[in-house]
Amino acid sequence: MIFELVDIEGAPRGFDFELEPQALDLEDSDVSLKSSVRATGEVVKTAAEIVVKGSITGDVEIECSRCLKPVDQKLDIEFQANFVTPEHFAVDKENEVSASDLDTDVLEGDRIDLKDVVREQILLNISEQVFCKPECKGLCPKCGADRNLIDCKCDLNETDPRWAALKNLR
Ligand SMILES: [Zn+2]
Ligand SMILES: [Zn+2]
Numbered sequence: 331m332i333f334e335l336v337d338i339e340g341a342p343r344g345f346d347f348e349l350e351p352q353a354l355d356l357e358d359s360d361v362s363l364k365s366s367v368r369a370t371g372e373v374v375k376t377a378a379e380i381v382v383k384g385s386i387t388g389d390v391e392i393e394c395s396r397c398l399k400p401v402d403q404k405l406d407i408e409f410q411a412n413f414v415t416p417e418h419f420a421v422d423k424e425n426e427v428s429a430s431d432l433d434t435d436v437l438e439g440d441r442i443d444l445k446d447v448v449r450e451q452i453l454l455n456i457s458e459q460v461f462c463k464p465e466c467k468g469l470c471p472k473c474g475a476d477r478n479l480i481d482c483k484c485d486l487n488e489t490d491p492r493w494a495a496l497k498n499l500r
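The opening position of the sequence shown corresponds to residue 331 in this note's numbering, with each subsequent residue numbered one higher.
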């Protein structure tokens, strides 16, 4: 769903759409969508910028940061994304206001692809550390076994031989 700037001239314009999991490319993340994602909200154009605000809901799976097991999570994101035209961005730059400070994106061309907005918001709002359970033991750094399931008996306190050599020098 693409909004062209001419479309959003004047009054606020609402949106309400669903995206199938395969429609959103989250390839470089540990997140995968379990259901379609619903996005509702509105696009508002002011003199200097275009503001997209709304909410995103859906079900996702995120890899446990320790054992990589998929963990179910609910998406419930309230967001606001601001866009400026390159001309306005240039003016901001002269005033030494950077786009990152303002949490503002520069518009490429004359349209906003709401799918990109949704994708970006999901990636921004996913927590970096997700655990399948608080006491997850994670994977053994030596043999890769899931230590929640098996006790691989690896000795993780074994001293690195390089450090042992240093110790002997003292
Ligand atoms: Zn885990
Ligand atoms: Zn092990």
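Yeah, the Cβ is synthetic: ideal placement off N, Cα and C, and Gly gets one too.
Since we're looking at a predicted model, the values are computed, not measured.
Query: Element boundaries [beta strand (DSSP E), containing Arg477]; Result: Looking at the DSSP string, Arg477 is not in any beta strand (DSSP E), and its letter there is neither H nor E.
Query: Extent of the continuous alpha helix (DSSP H) run through Leu437; Result: Here Leu437 belongs to no alpha helix (DSSP H), and DSSP marks it neither H nor E.
Query: Leu349 versus Lys463, Lys467, Lys445, residue with shortest Cα-Cα distance; Result: Lys445
Query: C-alpha gap between Phe409 and Ile386, whole angstroms; Result: 8 Å
Query: Touch test, the segment 434 to 444 against the segment 465 to 485, Cβ-Cβ under 8 Å, three pairs minimum; Result: no
Query: Contact set for Leu354: own chain, Cβ-Cβ below 8 Å, skip 5 residues either direction; Result: Leu363, Val367, Lys445, Val448, Arg449, Ile452
Query: Buried versus exposed, by CB contacts within 10 Å (16 or more), Ser430; Result: Any answer about Ser430 is weak, because its pLDDT of 49 lies below 50 and its placement is not dependable; what the coordinates show is given next. Label assigned to Ser430: exposed.
Query: is_contact[Phe461, chain B] using C-beta, thresh 8 Å; Result: The question asks about chain B, but that chain is absent: this structure has only one protein chain.
Query: Status (buried if at least 16 other CB within 10 Å, exposed otherwise) for Gly474; Result: exposed
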